[in-house]
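Asks: Here's a structure for you.
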Amino acid sequence: MARSTFKTLFYINRSKEKKNGKCPIMGRITIDGEQVQYSTGKEIAPELWDSHKGRCKGIGEETKEINRYLQTKEEQAKGKYQELVWQRGYITAELLKRELMEEDKPKGFLLEEAQLFIEEKRPCVGITVAKPTFANYIYAAQLIESYLRERLGLEDIRYSSLDYGFVEGMDFYLKSERNLSLATIQVAIIFLRKLIGIGQQKKYIRIDPFVDYKAELPHRTRRYLTTEELQRVLQTPIIDKQFERARQLFLFCAFTGLARVDMQRLKPKHIIRNADGTEEIRIKRQKTDVEAIIPLLPIARQILSLYVKDKKSDDLIFPNLTIRKASFACVNIGQICRIDKGLTFHMARHTFSTTICLSNGISMETLSKMLGHSNIGTTQIYGKITDHKIQEDMTALTDREHSVFEGYCESIARQNVPLQQA
Numbered sequence: 303m304a305r306s307t308f309k310t311l312f313y314i315n316r317s318k319e320k321k322n323g324k325c326p327i328m329g330r331i332t333i334d335g336e337q338v339q340y341s342t343g344k345e346i347a348p349e350l351w352d353s354h355k356g357r358c359k360g361i362g363e364e365t366k367e368i369n370r371y372l373q374t375k376e377e378q379a380k381g382k383y384q385e386l387v388w389q390r391g392y393i394t395a396e397l398l399k400r401e402l403m404e405e406d407k408p409k410g411f412l413l414e415e416a417q418l419f420i421e422e423k424r425p426c427v428g429i430t431v432a433k434p435t436f437a438n439y440i441y442a443a444q445l446i447e448s449y450l451r452e453r454l455g456l457e458d459i460r461y462s463s464l465d466y467g468f469v470e471g472m473d474f475y476l477k478s479e480r481n482l483s484l485a486t487i488q489v490a491i492i493f494l495r496k497l498i499g500i501g502q503q504k505k506y507i508r509i510d511p512f513v514d515y516k517a518e519l520p521h522r523t524r525r526y527l528t529t530e531e532l533q534r535v536l537q538t539p540i541i542d543k544q545f546e547r548a549r550q551l552f553l554f555c556a557f558t559g560l561a562r563v564d565m566q567r568l569k570p571k572h573i574i575r576n577a578d579g580t581e582e583i584r585i586k587r588q589k590t591d592v593e594a595i596i597p598l599l600p601i602a603r604q605i606l607s608l609y610v611k612d613k614k615s616d617d618l619i620f621p622n623l624t625i626r627k628a629s630f631a632c633v634n635i636g637q638i639c640r641i642d643k644g645l646t647f648h649m650a651r652h653t654f655s656t657t658i659c660l661s662n663g664i665s666m667e668t669l670s671k672m673l674g675h676s677n678i679g680t681t682q683i684y685g686k687i688t689d690h691k692i693q694e695d696m697t698a699l700t701d702r703e704h705s706v707f708e709g710y711c712e713s714i715a716r717q718n719v720p721l722q723q724a
């Protein structure tokens, strides 16, 4: 390929002299005879311009500053020219101009990065990003945008303008003017932290505005069923077939620790049979993408047997139970079984953690692995856990659990087939 000719120079547009007597300094790029002009954004008095050198003359600080700027622009144009020739094999003056103009656009705006982040995550929804998590990203971005507009009168803000006052001001705005709960505020603050991290990676900001910030964390009480309440859920007769099916799914979660969404994703391929004949669930949680390893207790195994029969490896085991249906069923099951604390499906996971495991001596390390926590701090423990340790702990629990709840196992076994949806 023939080498193209490249030249860049600067001149002043004398026909555009301003009221202050200065003329705009223009740049010209010539490639293979094609010329394009662009504004440098600088101006100088005509008598201080050297047309032959394409630079300002004189020893004043202003002329020195402009000359340094023009030198930088010239080097930038040469560097971009060489880069594009290397990448594309060809270059035009117009293309080079567009590339230079793009580089000169202001970068490092908070909401702009938020939108980029959201669009990058959009194709991953339902795969590596859970739908509720993605919804939180969008909502948090909207809260940041409303803070900028309503409190600061801005459409966006540069990363370089962010400081502790911005973070504290947003916290106060969300509490006082928006009257949001601490849990909701935490969603916005976590997203803002994520955006700050992105800004630091891209060198938009050096000092972390969160250094001195202390969030007021919501006090969360994890509700769970006691042994006596769990026995009531197990033993209370339920005539309605839909509620009975929902009870079976609730109990399966209560004896495996699976969240409802992960229970609904369970397939036969996730059920692993060990050499000693025991079975365990191995499934990556949708929320964290961390594998949960859960040896099957007798009740869970009995319930599973009602649904897994004739299912192929990639078939879903359990019938679809939407959030709305699950909530409705839990309210009714709670009333039937005289559970006063407001039964929810997620209480099954907490019941597994507390009543089923911790109350029976299962270590926190083992529990963390079975729950599929993304980091050890989630279960407030330190140390390493092995798959063998899980099996040892759960084998001991199997004997204790079976003696307490064997009655329900027998009733499940007599059903032989799952209840069909009414």
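Residue numbering for the sequence shown is 303 to 724, as defined by the working numbering. For each residue, glycine too, the CB sits at the ideal point set by N, CA and C.
Across which residues does DSSP place Ile574 in a beta bridge pair?
Replies: Ile574 pairs with Glu582.
Asks: Assuming Cys426 is part of the alpha helix (DSSP H), what are its boundary residues?
Replies: That residue, Cys426, is in no alpha helix (DSSP H); it is neither H nor E in DSSP.
Asks: Tell me, which residues are paired with Trp351 by DSSP?
Replies: Partner(s): Cys358.
Asks: If you compare alpha carbons, which of Arg547, Met565 and Glu546 is closest to Cys555?
Replies: Considering only alpha carbons, the answer is Met565.
Asks: From Val459 to Glu422, what does the alpha carbon distance come to, in whole angstroms?
Replies: Residue identity differs from the one stated: residue 459 is Ile in this sequence, not Val. Distance between the alpha carbons of Ile459 and Glu422: 21 angstroms.
Asks: Three or more C-beta pairs under 8 angstroms: does that hold for the segment 598-618 against the segment 570-588?
Replies: At 8 angstroms Cβ cutoff, the stretches touch.
Asks: Can you name the start and end residues of the beta strand (DSSP E) that Lys344 belongs to?
Replies: From DSSP, the beta strand (DSSP E) with Lys344 extends over Glu336 to Ile346.
Asks: Contact check, Ile635 vs Phe552 under 8 angstroms by CB: the rounded distance?
Replies: About 7 angstroms; that satisfies the 8 angstroms criterion.
Asks: Which value, in whole angstroms, describes the spacing of the CA atoms of Lys504 and Ile393?
Replies: Their Cα atoms are separated by approximately 28 angstroms.
Asks: Among Ile509, Phe308 and Leu532, which has the Cα closest to the Cα of Gly381?
Replies: The shortest C-alpha separation from Gly381 is found at Phe308.
Asks: Output the distance between the C-alpha atoms of Arg480 and Gly455, rounded to the nearest integer angstrom.
Replies: For Arg480 and Gly455, the distance between alpha carbons rounds to 16 angstroms.
Asks: Taking the continuous beta strand (DSSP E) assigned at Ala594, which residues delimit it?
Replies: Glu593 to Pro597 is the extent of the beta strand (DSSP E) around Ala594.
Asks: Leaving out the 5 sequence neighbours to the left and right, which residues in its chain are closer than 8 angstroms to Arg534 when beta-carbon positions are compared?
Replies: Closer than 8 angstroms at the Cβ level, and outside the excluded window around Arg534, lie Cys639, Arg640 and Ile641.
Asks: Counting beta carbon pairs with one atom in the segment 492-500 and one in the segment 526-540, are three or more of them shorter than 8 angstroms?
Replies: Short answer: they don't touch.
Asks: According to DSSP, is Gly329 helix, strand or coil?
Replies: It is a strand residue.
Asks: Can the beta-carbon of Lys726 be found closer than 9 angstroms to that of Ala548?
Replies: In the structure as shown, the chain begins at 303 and stops at 724. Residue 726 is therefore absent and cannot be evaluated.
Asks: Locate the beta strand (DSSP E) running through Ile314, then write down its first and last residues.
Replies: First-last of the beta strand (DSSP E) with Ile314: Phe308 to Ile314.
Asks: Using the C-alpha atoms, what's the distance from Val513 back to Asn369?
Replies: Their Cα atoms are separated by approximately 40 angstroms.
Asks: With a threshold of 16 other CB atoms inside 10 Å of the CB of Ala577, please say whether the residue is buried or exposed.
Replies: Its Cβ having fewer than 16 others within 10 Å, Ala577 is exposed.
Asks: Residues in the same chain with beta-carbon distance under 8 angstroms from Thr688, minus the five sequence neighbours each way, listed in chain order, please.
Replies: Confidence at Thr688 is low in this model, with a pLDDT of 36, below 50, so the placement of that residue should be treated as unreliable; the coordinate-derived value is given next. Counting only Cβ-Cβ distances below 8 angstroms, and skipping sequence neighbours, we find nothing.
Asks: Under DSSP, the alpha helix (DSSP H) around Ser615 begins and ends at which residues?
Replies: Counting along the chain, Ser615 falls outside any alpha helix (DSSP H), and DSSP gives it neither H nor E.
Asks: Taking the alpha-carbon of Val252 as reference, which of Asp510, Ala395, Leu397 and Leu418 has the nearest alpha-carbon?
Replies: Residue 252 falls outside the range modelled here, since the chain spans only 303 to 724, and no answer is possible.
Asks: Have a look at the DSSP bridge pairing and note the partners of Val431.
Replies: Answer is Val427.
Asks: If you reduce the DSSP assignment to three classes, tell me which class Arg460 lands in.
Replies: Arg460 falls in the strand class under three-state DSSP.
Asks: Alpha carbons only, please: which of Tyr449, Leu464, Glu457 and Asp465 is nearest the one belonging to Leu476?
Replies: Taking only the C-alpha atoms, the option nearest Leu476 is Tyr449.
Asks: Distance check for Pro621 and Arg575, CA to CA, integer angstroms please.
Replies: Straight-line Cα distance between these residues: approximately 23 angstroms.
Asks: So, is Trp351 buried or exposed, given that buried needs 16 or more other C-beta atoms within 10 angstroms?
Replies: Classification for Trp351: buried.
Asks: Which of the three DSSP states is assigned to Phe411 in this structure?
Replies: In the structure shown, Phe411 sits in a strand (DSSP, three-state: E or B).
Asks: Thinking just about the alpha-carbon of each residue, which of Ser306, Phe411, Phe474 and Asp334 is nearest to the one in Trp388?
Replies: Per the Cα distances, Ser306.
Asks: Quick check: what's the CA-CA separation for Leu372 versus Gln417?
Replies: Distance between the alpha carbons of Leu372 and Gln417: 34 angstroms.
Asks: Under the assumption that Gly559 contacts Phe654 (Cβ atoms under 8 angstroms), give the Cβ distance between them as a whole number of angstroms.
Replies: Between Phe654 and Gly559 the Cβ distance is about 4 angstroms, and since that is below 8 angstroms, they are a contact.
Asks: Quick check on this structure: which residue in Val563, His675 and Ala602 has the alpha carbon closest to the alpha carbon of Pro271?
Replies: Here the chain covers residues 303 to 724 and nothing more, so residue 271 does not appear.
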